[in-house]
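Student: I'd like to ask some things about the structure below.
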Amino acid sequence: MRGKNISGLKDHQDPKMEKKYWKGVEELQNDAEFVRLKNNEFYENLPLDEVIGKKAEESNLTPRRDFLKFLGFGVAAASLAACEAPVRKTIPYLIRPEQIVPGIANYYASTYFDGYDYASLLVKTREGRPIKIEGNPLSSVTKGKVSARVQASVLSLYDNARLRGPMMNGNAAPWTNIDKAITDKLTAIAAAGGKIRILSSTVISPSTLKVIEDFSKKYPTTKHIQYDAISCSAMIQANKESFGVSVLPTYSFNKANVIVAFDCDFLLNWISPVEYASQYAETRKLNSGRKEMSKHYQFESALSLTGSNADVRTGIKPSQQLSYIIALHNAIASKAGAKSAGSATADGKVIEKLAEELWSNKGKSLVVCGINDASAQKLVNSINSMLGNYGSTIDLDNASNLRKGNDADLAMLLDEADKGEVAALFFYNCNPVYTLPNGEAFAKSMNRIDLSVSFADRPDETASVCKFICPDNHPLESWSDAEPRKGVYSTGQPTISPLFDTRQMQESLLAWAGTPAVFHDYMAANWKAWAPEATWDKIIQDGVYEKTASSPSSYSFNADVSGISESKAAGAIEVVVYEKAGVGNGAQANNPWLQELPDPVSKITWDNYLAVSPKDAREKGWRQGNIVTVKTAKAAVNVPVLIQPGQTPGSVSIALGYGRTKAGKTADNIGWNAYPLVSMVNGLLSYSATAEILKTADEDYVFAATQSHHTMMGRAIVKETSLEEYKKNPNAGNEEELFEVKVGKEISKKPANEVTLWDEHELGNHHWGMSIDLNSCIGCGACVVACTAENNVPMVGKDEVMRSREMHWMRIDRYYSSDFDPKEGEKGDVKLMENPSDMPRVVFQPVMCQHCNHAPCETVCPVIATSHSSEGLNQMIYNRCVGTRYCANNCPYKVRRFNWFRYSDNPKFDYNMNNDLGKMVLNPDVVVRSRGVMEKCSMCVQRIQETKLNAKKAGRKIKDGEFNVACAQTCPTNAITFGDYNIPDSKINQMWKPKERSYHLLEELNVQPNVFYQTKVRNIEESREA
Amino acid sequence: MSGNHEAVVRDPLILGKKTYHQMTEDICRPVEGKANKYWWISFFIAFAAMLWGFTCLAYTIGNGIGTWGANKTVGWAWDITNFVWWIGIGHAGTLISAILLLFRQRWRMSINRSAEAMTIFAVICAGLFPLFHTGRPWLDYWMLPLPNQFGSLWVNFNSPLLWDVFAISTYFSVSLVFWYLGLLPDLATVRDRCVTPTKRFIYGILSFGWKGTARDWHRFEEVSLVLAGLSTPLVLSVHTIVSFDFATSIVPGWHTTIFPPYFVAGAIFSGFAMVLTLMIVARKVLNLEEYISLQHIELMNKIIILTGSIVGIAYITEFFMAWYSGVQYESYAFMNRAFGPYWWAYWSMMTCNVITPQLFWFKKIRTSVMATFIISIFVNIGMWFERFVIIVTSLHRDFLPSSWVMYSPTYIEVGIFVGTIGLFFTCFLIFSRVFPVIALAELKTIIKKTGNQYKKKGI
């Protein structure tokens, strides 16, 4: 307060005439007490003495308590400081981007095609990061379904092995320098008339093709060559010769009653497997209203996934393929009165019966052949033509674009490169140094190429010998369009801005062509011209643009096949190469999700191997794990032996895609490269050869298999029946088992679920459940990867899989039949049942947590870390789990997975959870489990919660089918159905209620699962007793 | 007076016509004297083993249970095998101190002190396994029904593992109190004989001021009886509850009603084998052959025949029931034990537990110290294999063949097991130098001689 003259008091100013402020009247009056106190800061002395002064020592008023307080505070502060959690920075949005609400996922329609796998996608993004790939249901090709490899491609986006920017002569360089250097060179080459070549895998993007065209206009010596590592060139050639059209047909497996496949893995790898699998499954669905299904014959050497699903499978060696096709052709020709081809030796009984069935299903059958041999393909064309399948199950008008590789062009390029005639070579979506049979020779010839440019996203085998690496964006960072089938388009939009200094290949080419453009604008301009009636935004939003397909016309076959006869000399042992469900052609080999995906048939992870038949192994004295050398005319590969039931005796098989050397940490030196075993025969890449097998080491190489026991041991685990039996009695193979119960003196027979000690759980609004149709499941493993992506399932690596510690929440059990049936087994040695047949029947069974209503795991947990929800779910509470593992021991399905180590931020598990880039793929809705806790399938409870909340906000009930769990969502064959038992007419109730094929796994234990299975039905005449 | 029946005079339990003073001297000697070379060698080996075990344990805690060999199918293996084995070993002590006390079996007095000490050390070793086999051992206290801030979170009283927590902790505390109570008069004896003030002070505290008055003795006897009464049901209940871990589950080979009696018999069987192993060495090393005589050994061997035979019958009954039940999973589980990939474990168990103890029907073997020692070792091994067979071979092949796997231990878990053996012997060796290994005060009550010698003299 400013001092004021108080009335009656005279001014009291100092000599300098400055204003004086008094603290109060007392100062003004110079009060003695005031003067004394003025020298002290505080009015009263602080009671410090009581705490620290002498007084404190003398009195015991407070010190003990205070001491304890200080002590407590000190200890707490010290320990708090010691336990400080690692700081992870999260930066909130200062200005929230439009469309992004933290915690709410955005979905963008996009397209995936890497020259091998095609899918139209919906990409789930969270806070700007793509985290999960889902199918786009608007697409008529993939119909909202996605394969294992495409599911996993989102992790390839966050691959630490990706290049951070462009490279020039092995050093990082800015784009401007690179553009200048390349343009200069190109101009010089073009001026000198040097040959410019663009080598790519199949390109189905019309805009990309236009870019290449523009580029070729600028540099007229340019030629674009398409080459598929796994080629279908012979089919295109055969169609040209047979019908005059150089295309691949579009198939309709769903219209076929009889399906015949020669060495063709159409459910997993061949051309458009997801499309075919879903069509195939349509013909295998059985219910109260539909009691007919297709019959599937498979002729093959290796036991493929498709062969595993066949009703009748005949093992033939590669050299017999042509003989069997000729025999079938001639059998049909004799019925059709057409000219027959040359003579052939084949098992007449099988062929005769097959021809009979095909003939009675004229126009409703389909013969496919996966052999890259023009004669074989021509014969198959002829067979289909005689059967009238063109125009019904085969459509040449709306042709498929998914494999356009031309082996003749490739051969020409290799020849040119060998002669040193190529001046500039661009590699797009291909890795010939790795995938060519003679890749090393090709790498050497590249030294003589003046300008070599790779668009690879990493310095792979080819890119590392190129002068320039101009990394392309990942498909999820790119604008793209695609025409997988004539008239059927899909588009892709970036779901994240490029993570690194990469550039779309199209923009690079345009820049070098002197017409730099943003590819988005370029594409938009194209589409304005191509689809004037549709708006660009709508196309991009839908992700698809489909013209109405013209109805397929029938083609008349006009090639001469009479000259075709058995030509291949049969070798003692013939080797055939194939692709696995995970690694495929090897392009995505550095993806741990794919490496750890068990092979659907052998159940082996992180390896390839030489599959040999049990008969050959016995005769030749090979043991599993022996290292052998496979020697063909031109190459030799050292590889360990796997004894594979179902492998045709006299043939061996080995998967492609392994043995990478420059793919990245995960893939390098995993397995053995089998591409050298591929050879060029009659100008076509041939995927089988005569070979010699030499045992080189007697060692026992150990494979990391997720299943080490292969038969059902006479237990009713996968219930199975024949179509004939099923028609007679829909409960066939699934007869109700009754148990004798004595209550008092009364003896009655009851099903297991009526004999119980437990009270039922009270259920709330929902009762979630799942149905798995074993007749639809083909065992492809797409669900396993989808589950991994959705639920942040850690990858554990080969060593840990070898210790049986894989973490997959869902697995696909595969059982082989045994020659010893249970009745015989009881009499004889039970151990005989452990041996699968040499040529077994195969069944697949996806198993995840069965969410038992009387769960054995729930009762044994000492801390209630696993409990039952009011919606029928068996819940795992990670926070509460101390990790006794008792629940896992007591789980009859063995679906519980324990975190033996910390799988994140642990250099021993150097996969995506060990680096910040890889962690971007994690689903923020699902916690990353800590070391020492149990985990298992949660039935995607995060999706259930999200949907429930949305419904609650909207004030309505959840509709049946409103959402789906990750596995069911991606399943190409719709084998998995998820739903609510509490909705009376829900799909799941419709499947459960008739009680025809539905059963609970291990029903007799009365654990009352919420998951049920449906009997597998084989289309074979023989009854079960026979 | 020829008409009078005169009871047959039993052989004296303590040989060598000891006087009270001699006994005190003999039994206090190891406590008061210096350790000999053998003690130091044994101690060094045991201590080294213990340190190695703790190193392995620390490695496990640091890295995770993945350092062991268990996997998705075999969730428990060496850990719980060792746990059950150690708990079983402890049972002899409780039986001797409680049941034999109630039955007035005087021969127990020579061995009860060491057997009870053994119980305590064995339970400590056993307890390590369930404590550290969890994925997050720092949260083990969640298994106690503690009031907490986690809302309504509570333990699961349905879980046999929780029953285990109660059973083992009760067992440990009752055994410890009982053992220590018995020690009081002897500690007082040692105190009174101490020559250095430090020692006297320490033993003075340890003996709780025992004065040896009639009131002391009265209370001592009363409390002993009460504790014996408390311990007696524990002999049966502890291993019954341990067996519930298995019996109440649904795993074929575990889910068996025979488990409680079979486990209890097995526990006593293995416990006596361990008592024999230890006592045969201890009586030699500590010069106590006159206190633990052949008669004691023979009596213990008789218990081994009895319990061994019960165990044998249990094995055969299990097999019979597996076949008779007609349950295919169970029949397979047992066929797999005998003829599956772990056949060697099963047949080791059968040989060691069923066949070797039957040799004790021969008096010559039963009264041979060497033969007893060898057979007792066999029984220890056999009983370890019994638990291994039950746990691992049942788990490794259960319902769905797709999940069948093999299990093999890592050197870490072997190290921890070796470490617990080291811990056990370290404790026992220290015990033998610090406390009187024989219940001196009690034993003094039975050295009163018969009058026979005077009778013969015709006095």
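As you go down the protein sequences, you meet chains A and B in turn. Heads up, the first sequence is in the numbering used here, so the first residue is 3 and it goes up one at a time. Heads up, the second sequence is in the numbering used here, so the first residue is 20 and it goes up one at a time. Cβ atoms here follow ideal geometry from the backbone N, Cα and C, with glycine treated the same way. In this text the structure is predicted, and so the values were computed from the model without any measurement.
Measure the C-alpha to C-alpha separation of F450/B and D205/B and round it to an integer number of angstroms.
Tutor: Distance between the alpha carbons of F450/B and D205/B is about 13 Å.
Student: Considering only residues of the same chain and omitting the five flanking positions on each side of N408/A, which have a CB-CB separation below 8 Å?
Tutor: Excluding positions up to five away in sequence, the list reads I227, Q228, Y229, S235 and I238.
Student: From T153/B to E135/B, what distance separates their C-alpha atoms?
Tutor: The straight-line gap from Cα to Cα measures roughly 28 Å.
Student: Strictly under 9 Å for the Cβ-Cβ distance: is N736/A near chain B by that measure?
Tutor: Taking Cβ atoms only, chain B never reaches closer than 9 Å to N736/A, which makes this a no.
Student: With A136/B as the anchor, note down where its alpha helix (DSSP H) starts and where it stops.
Tutor: It spans N131 to F151 - the alpha helix (DSSP H) in which A136/B sits, taken as one unbroken run.
Student: Evaluate P166/B with the Cβ neighbour count: other Cβ atoms within 10 Å of its Cβ, from every protein chain shown; 16 or more gives buried, anything less gives exposed.
Tutor: When all chains shown are included, P166/B counts as exposed.
Student: With 8 Å as the limit, tell me which residues of the stretch 870-882 of chain A have their beta carbon closer than that to any beta carbon of chain B; keep them in chain order.
Tutor: Listed by position, the residues of the stretch 870-882 of chain A near chain B (Cβ gap below 8 Å) are R882.
Student: Can a CB atom of chain B be found closer than 9 Å to the CB of D1029/A?
Tutor: Residue 1029/A falls outside the range modelled here, since chain A spans only 3 to 1028, and no answer is possible.
Student: Whole alpha helix (DSSP H) runs in the stretch 333-407 of chain B with 4 or more residues, listed along the chain?
Tutor: List check, alpha helix (DSSP H) in window: 347-358, 362-368, 382-385 and 388-407.
Student: Output yes if chain B places a C-beta closer than 9 Å to the C-beta of V884/A; else output no.
Tutor: It does; some Cβ of chain B falls within 9 Å.
Student: Determine the burial state of P1/A: buried for a count of at least 16 other Cβ atoms within 10 Å of its Cβ, exposed for fewer.
Tutor: No answer is possible for residue 1/A: the residues shown for chain A start at 3 and end at 1028.
Student: Do the stretch 815-824 of chain A and the stretch 611-624 of chain A meet, that is, are 3 or more Cβ pairs less than 8 Å apart?
Tutor: Counting Cβ pairs under 8 Å, fewer than three are found: no touch.
Student: Indicate whether at least one CB of chain B lies closer than 9 Å to the CB of A784/A.
Tutor: With 9 Å as the cut-off, A784/A does not count as an interface residue toward chain B.
Student: Around the Cβ of I335/B, are there at least 16 other Cβ atoms within 10 angstroms (buried) or fewer (exposed)?
Tutor: Exposed: under 16 other Cβ atoms inside 10 Å.
Student: Here's a check: name, in chain order, each residue in its chain whose Cβ is nearer than 6 Å to the Cβ of T504/A, leaving out the five neighbours to either side.
Tutor: These residues qualify, in order along the chain: P473 and N475.
Student: Hey, could you find the ends of the beta strand (DSSP E) E29/A is sitting in?
Tutor: Note, E29/A: premise wrong, no beta strand (DSSP E); alpha helix (DSSP H) at V27 to L30.
Student: Between which two residues does the alpha helix (DSSP H) carrying K955/A extend?
Tutor: Element bounds for K955/A: V943 to A956.
Student: Pull the bridge partners of R131/A from the DSSP assignment, please.
Tutor: Per DSSP, R128/A.
Student: Use the C-beta contact count for Q847/A: other C-beta atoms within 10 angstroms, 16 or more gives buried, fewer gives exposed.
Tutor: Its Cβ being crowded by 16 or more others within 10 Å, Q847/A is buried.
Student: Classify P986/A: buried if its beta carbon has 16 or more other beta carbons within 10 angstroms, exposed otherwise.
Tutor: So P986/A counts as exposed.
Student: Any beta-carbon of chain A closer than 9 Å to the one on H152/B?
Tutor: Yes, contact with chain A.
Student: Can you pull out the residues from the stretch 707-728 of chain A whose beta carbon lies closer than 9 Å to at least one beta carbon of chain B?
Tutor: Of all residues in the stretch 707-728 of chain A, T708, Q709, S710, H711, H712, T713, M714, M715, G716, R717 and I719 have a Cβ within less than 9 Å of some Cβ in chain B.
Student: What does G781/A reach in chain B if we use C-beta pairs closer than 9 Å?
Tutor: The contacting residues do not exist; G781/A stays about 12 Å from chain B at best.
Student: Do M682/A and S690/A have their C-beta atoms closer together than 9 Å?
Tutor: Not in contact: M682/A and S690/A (Cβ atoms no closer than 9 Å).
Student: Taking C-beta to C-beta, are V743/A and I749/A nearer than 9 Å?
Tutor: Yes, they are a contact pair.
Student: Distance, Cα to Cα, S362/A vs I334/A?
Tutor: Each residue's Cα considered, the two are about 11 Å apart.
Student: What residue range is occupied by the uninterrupted alpha helix (DSSP H) comprising E621/A?
Tutor: Here the alpha helix (DSSP H) through E621/A covers P616 to K622.
Student: In terms of DSSP beta bridges, what is T493/A paired with?
Tutor: Paired residues: D483/A.
Student: When the Cα of T708/A is compared with those of T210/A, N374/A and H810/A, which residue comes out closest?
Tutor: Comparing Cα positions, the closest option is H810/A.
Student: So with CB distances below 9 Å, who are the chain B contacts of Y888/A?
Tutor: Near Y888/A (Cβ distances below 9 Å), the residues of chain B are G94, W95, S178, P179, L180, D264 and S268.
Student: Helix, strand or coil for I465/B? Go by DSSP, reduced to three states.
Tutor: DSSP places I465/B in helix when its eight states are reduced to three.
Student: Per DSSP, which one or two residues make a beta bridge with R199/A?
Tutor: BP columns for R199/A point to K225/A and L427/A.
Student: Count the other CB atoms, across all protein chains shown, that sit within 10 Å of the CB of N731/A; report buried if there are 16 or more and exposed otherwise.
Tutor: Exposed, because fewer than 16 other Cβ atoms sit within 10 Å of the Cβ of N731/A.
Student: Considering only residues of the stretch 904-930 of chain A, which uninterrupted beta strand (DSSP E) runs meet the minimum length of 3 residues and lie entirely inside it, listed in chain order?
Tutor: Counting only runs of 3 or more, we get nothing.
Student: Check each candidate in P168/A, G130/A and G195/A and name the one with the smallest Cα separation from E423/A.
Tutor: Nearest C-alpha to E423/A: G195/A.
Student: Which residue spans inside the stretch 305-390 of chain A form an unbroken beta strand (DSSP E) run of at least 3?
Tutor: If we require 3 residues or more, the beta strand (DSSP E) runs fully inside the stretch 305-390 of chain A come out as 314-317 and 367-371.
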